[in-house]
Amino acid sequence: MSNRMKVAVLVVLALGLIALFLFTHLRGDFDYVLRSRSEKIVAMVLVGWAGAVSTVLFQTMTNNRILTPSIIGLDSVYMLVQTAVVFLFGSTTLTMMGNTSHFLLSAGSMIGFSVLLYSFLFRREGQNLYFILLVGMILGTFFQSLTSFMQYLIDPNEFSIIQDRMFASINNMKTDLLWPAGLLIAAATLYTYRHLHELDVLSLGKDHAINLGVAYETVVKRLLMIVAVLVSVSTALVGPIMFFGLIVANVAYAFFQTYEHRYLLAGAALFGVIALVGGQLVVERVFTFSTTLSVIVNMVGGVYFLYLLLKERKAW
863 MSNRMKVAVL
873 VVLALGLIAL
883 FLFTHLRGDF
893 DYVLRSRSEK
903 IVAMVLVGWA
913 GAVSTVLFQT
923 MTNNRILTPS
933 IIGLDSVYML
943 VQTAVVFLFG
953 STTLTMMGNT
963 SHFLLSAGSM
973 IGFSVLLYSF
983 LFRREGQNLY
993 FILLVGMILG
1003 TFFQSLTSFM
1013 QYLIDPNEFS
1023 IIQDRMFASI
1033 NNMKTDLLWP
1043 AGLLIAAATL
1053 YTYRHLHELD
1063 VLSLGKDHAI
1073 NLGVAYETVV
1083 KRLLMIVAVL
1093 VSVSTALVGP
1103 IMFFGLIVAN
1113 VAYAFFQTYE
1123 HRYLLAGAAL
1133 FGVIALVGGQ
1143 LVVERVFTFS
1153 TTLSVIVNMV
1163 GGVYFLYLLL
1173 KERKAW
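According to the numbering used here, the sequence shown is numbered sequentially starting from 863.
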């Protein structure tokens, strides 16, 4: 089967799951139910697309299929901001904060952290990308420790408010932010698709990319910012999902078995949509909302991550 046919199959499967999610067990006010489910579908498509594309881009730049953008520490920045607001101003401030203000605070802090990190570390020419990842990982660990310290000090009742922010939840998404989030993700995706040929060359490694005429440092700087925007917007929209990108990206690699990013990006994004819509169906119909989608994704992703580590170890 050609890669185009594979993409078509994934499109049909994604549309089938979306239709199943929209029209099963329609009861009560049909207009309200369909509108509510449609908003969930849009959110899942945006988050699935952003998470998958950002992970494929990140793994292409690092030439490593185990690393994910979370290693930079963006998830840690998100939780630090939520905890700091409750610690300094109380949980009422966080719960009463408008959706737009909360989105700007969360996404802006993550993008701002990325800008400061990249601008500081890319100041020197020829800076190693893995050094940047190492610094990001160290800062992420520091932010996690600072977050844990503040969580120990706050009132247990207020900690429950923060606990709700630790896990992504489609049901608690901010529906009035779907349009601005969609525009940001669409703009980042359009920029990415304009540089598909450079991504194909980057997958060969830094030395080969430079020898083939790619302005490596410039391309990496811009793509890292695209990754930061995609991760920040999706996290601010529904919350952090740690292993999601790792799963859909590696499934896409195995399914398409190609270096062409026009298929890898589209395939990973479609797998992302399928995983989120299918997972939400399981959460609602099987578990009857007794758990959240991120818990299922992180459980499956953790097992899959261990499998990838063991697989790489055997390859050595």
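Backbone N, C-alpha and C define an ideal beta-carbon position, used for all residues, glycine too.
*Just mark Tyr1169 as buried or exposed, buried being the case when its beta carbon has 16 or more other beta carbons within 10 Å.*
In the sequence shown, counting from the first residue as 1, residue 1169 sits at position 307. So Tyr1169 ends up on the exposed side.
*By the 10 Å Cβ neighbour count, where 16 or more other Cβ atoms means buried, how is Leu1132 classified, buried or exposed?*
Against the sequence shown, residue 1132 aligns to sequence position 270. Buried.
*Taking C-beta to C-beta, are Val1234 and Ala912 nearer than 8 Å?*
It is not possible to answer for residue 1234, since the shown part of the chain is limited to 863 through 1178.
_Less than 8 Å between CB atoms is the rule here; does Leu1132 satisfy it with respect to chain B?_
Absent from the structure is chain B; it holds one protein chain and no more.
_Residues in the same chain with beta-carbon distance under 8 Å from Ile1088, minus the five sequence neighbours each way, listed in chain order, please._
Indexing the sequence shown from 1 puts residue 1088 at position 226. Cβ within range, chain order: Ser916, Leu919, Ala1050, Tyr1053 and Thr1054.
_Closer than 7 Å to a non-hydrogen atom of the ligand ZN - does that hold for the CB of Ile934?_
In the structure shown, the ligand ZN is absent, as is every other ligand, since no ligand is present at all.
*What are the complete beta strand (DSSP E) segments, minimum 3 residues, inside the region 904-973?*
none
*Close beta carbons around Leu936, own chain, < 6 Å, minus the five adjacent residues each side*: Mapped onto the sequence shown, residue 936 falls at position 74. Only Met972 and Val1093 meet the Cβ criterion.
*Burial state of Gln1119 (16 or more Cβ within 10 Å)*: On the sequence shown, position 257 is the one that residue 1119 refers to. With fewer than 16 Cβ atoms within 10 Å of its Cβ, Gln1119 is classed as exposed.
*asked:* Could you check whether Tyr1125 and Val869 sit closer than 8 Å to each other, using their CB atoms as the reference points?
replied: Here residue 869 is taken as the residue at index 7 of the sequence shown, counted from 1. Here residue 1125 is taken as the residue at index 263 of the sequence shown, counted from 1. Result yes, Cβ atoms of Val869 and Tyr1125 sit closer than 8 Å.
*Less than 8 Å separating the beta-carbons of Leu872 and Gly1129?*
For the purposes of this step, residue 872 is taken as residue 10 along the sequence shown, with counting starting at 1. For the purposes of this step, residue 1129 is taken as residue 267 along the sequence shown, with counting starting at 1. Result yes, Cβ atoms of Leu872 and Gly1129 sit closer than 8 Å.
*Reduced DSSP secondary structure (H/G/I, E/B, other) of Val1157*: Locating residue 1157 in the sequence shown gives position 295, counting from the first residue. Helix at Val1157.
*asked:* Suppose you measure from the CA of Leu1040 to the CA of Leu950; what does that come to, to the nearest Å?
replied: Taking the sequence shown and counting its residues from 1, one reaches residue 1040 at position 178. Taking the sequence shown and counting its residues from 1, one reaches residue 950 at position 88. C-alpha separation (whole angstroms): 29 Å.
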